[in-house]
Each structure stands twice: as C-alpha cells, then as structure tokens.
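Heads up: the protein sequence lines correspond to chains B and X, in order. Per our numbering, residue 1 is the first one in the first sequence, and the count goes up by one each step. Per our numbering, residue 1001 is the first one in the second sequence, and the count goes up by one each step. A virtual CB, placed ideally from N, CA and C, is assigned to each residue, including glycine.
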Amino acid sequence: DTAVSQTPKYLVTQMGNDKSIKCEQNLGHDTMYWYKQDSKKFLKIMFSYNNKELIINETVPNRFSPKSPDKAHLNLHINSLELGDSAVYFCASSQAGGSETQYFGPGTRLLVL
Amino acid sequence: SQQGEEDPQALSIQEGENATMNCSYKTSINNLQWYRQNSGRGLVHLILIRSNEREKHSGRLRVTLDTSKKSSSLLITASRAADTASYFCATGDTGRRALTFGSGTRLQVQP
Chain B
1 DTAVSQTPKY LVTQMGNDKS IKCEQNLGHD TMYWYKQDSK KFLKIMFSYN NKELIINETV
61 PNRFSPKSPD KAHLNLHINS LELGDSAVYF CASSQAGGSE TQYFGPGTRL LVL
Chain X
1001 SQQGEEDPQA LSIQEGENAT MNCSYKTSIN NLQWYRQNSG RGLVHLILIR SNEREKHSGR
1061 LRVTLDTSKK SSSLLITASR AADTASYFCA TGDTGRRALT FGSGTRLQVQ P
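Have a look at this one:
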C-alpha cells in the first residue's frame, strides 16, 4: 500500500545506454513530479504533470523525456546516458500543483559508468 | 535559481538538546514547508506554515515564519537519535507551479 512507488530502486548502466524509471501513485493526486538530487543533496525539479498534461519543463537536456500514460503514472526515459546523469531521481505527487504538500517516492539511484 | 538557503549546512548535537535550523528565501510565498529526508530515503513532509501565520507547532516541532525578513526557522525540541536526517525547507511561491526546495541542513543527533 505504498503511496508513491518507483522502480527500479537502483540502476547501474553504461554511458550511452537508454533507460527508463517508472513511478506510480495511489493517492488519487492530479499532479506528479520528477526531481533530480545531486551529490550535494540539492533537489532540482525537472518536470511536472497535471492530469497527464505537462506543466513544468525546466532546463533539462532533451535526452530526458517524461511520459504520463494516466494521472497515476509518470515515467522518465533517458536517452544516451552521460556520466553527469548519475544522481538520485525522485518522483513525487500532490493533490494539485503549486504550493501543495508533496509526497515523495523512495528514489532511484542511477549510476552511469 | 535556488530559492531557499538553509543555515547551518550541518548541525551535530547531543540527544535531548534542541536543534534549530533556519531557512531564507527570496520571493513572495503562499506557504513554507519543512521536509525530512532520512539517509537513502525520499523526503517526508513535516509541517506547513501559511504566509499569514507566524508560528506553528506539531509535536516536538515548532516552526516560525517572518515574511518581512523572508525567513523561517524549524526547532526540534528534546532531540532523539532518530531525528538524525537532512531537513529541507520548501517554498510555495506565488505564481509558480511547484515548490522550490532549499539546500538542506544535515542534522546529526548523538546518542
């Protein structure tokens, strides 16, 4: 009965590969997010979807492409992985966007070799 | 750009002591929230204070907000080893469609 779940938890891959991370929330929320947390713990928003519509698309390389098949799922596909993509990626959801309280998944630890 | 700046970056105290961490921000806000992140885990929401509130309590947590100084503080009273974590402030900015997170304070509570 996990509220926000992500798979996989760990991802180790070679430079140049393409990988996907999946996120699901069972809270009935309308808005979902992807964040990147770097080695200094700084949390940066990447994307936000509201009811399957892209709301926020921060300055992120276009190698990163989010996809929301329905409002309970938000996946992140990364093409041509680079060393600098190594980080922890968090999915989150909230009832609405803006200033609402967010609920985070456990994170996906990506290591690009 | 990063909105919240937290101070101190790291804090080490003994169990039973109080821990205070501060957050400064730059723009107008609807609310300010505090989150905790245990090592290797996702962020967990602790408390939300609205822009028209000055102080809020939840259990051992006390949050203050000074909108004139654009700053907030989080006080954890009678700390426990289990409080060891990173603490982040996040602002809900007027006109922005997502929270903006600070850089975090790493709290270590020694048993």
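CA-to-CA, the gap between residue 13 of chain B and residue 41 of chain B works out to about 22 Å. Scanning chain B for C-beta atoms nearer than 7 Å to the C-beta of residue 1042 of chain X yields 90, 104, 105, 106 and 107, reported in chain order.
For residue 1086 of chain X, the enclosing beta strand (DSSP E) has its first and last residue at 1085-1093. Residue contact with chain X for residue 42 of chain B: present (Cβ-Cβ distance below 8 Å to some residue of chain X). Identification of chain B residues near residue 1030 of chain X by a Cβ-Cβ cut-off of 8 Å yields 98 and 99, ordered along the chain. The criterion of a C-beta distance shorter than 8 Å is not satisfied by residue 32 of chain B and residue 81 of chain B. Within the stretch 4-36 of chain B, the complete beta strand (DSSP E) runs of at least 3 residues fall at 4-7, 10-13 and 19-25.
For a Cβ distance threshold of 9 Å, nothing in chain B lies close to residue 1065 of chain X: the least Cβ distance comes to about 14 Å.
Pairing residue 1054 of chain X with residue 1065 of chain X gives a Cβ-Cβ distance under 8 Å. Interface flag for residue 1098 of chain X against chain B is set, since a Cβ pair is found closer than 8 Å. In terms of Cβ geometry, residue 1088 of chain X and residue 1009 of chain X do not form a close pair [threshold 8 Å]. The residue among X/1085, X/1057 and X/1090 with its C-alpha nearest the C-alpha of residue 1028 of chain X is X/1090. It is roughly 27 Å from the alpha-carbon of residue 19 of chain B to the alpha-carbon of residue 1101 of chain X.
The three-state secondary structure of residue 85 of chain B, taken from DSSP, is helix. DSSP places residue 1078 of chain X outside both helix and strand once states are collapsed to three, so it counts as coil. Counted as a single uninterrupted DSSP element, the stretch harbouring residue 1025 of chain X is not any beta strand (DSSP E), since DSSP gives it neither H nor E. Under the three-pair Cβ rule at 8 Å, the stretch 1-8 of chain B does not count as touching the stretch 55-73 of chain B.
The beta carbon of residue 1013 of chain X sits closer than 8 Å to the beta carbons of 1019, 1079, 1107, 1108, 1109 and 1110 from its chain, once the five residues preceding and following it are set aside; these are given in chain order. Within the stretch 45-76 of chain B, 45, 48, 55 and 56 place their CB atoms closer than 7 Å to a CB of chain X, listed in sequence order.
If you ignore the 5 residues before and after residue 110 of chain B, its C-beta comes within less than 7 Å of the C-beta of 11, 85, 86, 87 and 89, all in its own chain and listed in chain order. Secondary structure note for residue 1067 of chain X: it is in no beta strand (DSSP E), with a DSSP letter that is neither H nor E. Along the stretch 2-34 of chain B, going in chain order, the ones with a CB nearer than 9 Å to a CB of chain X are 4, 6, 31 and 33.
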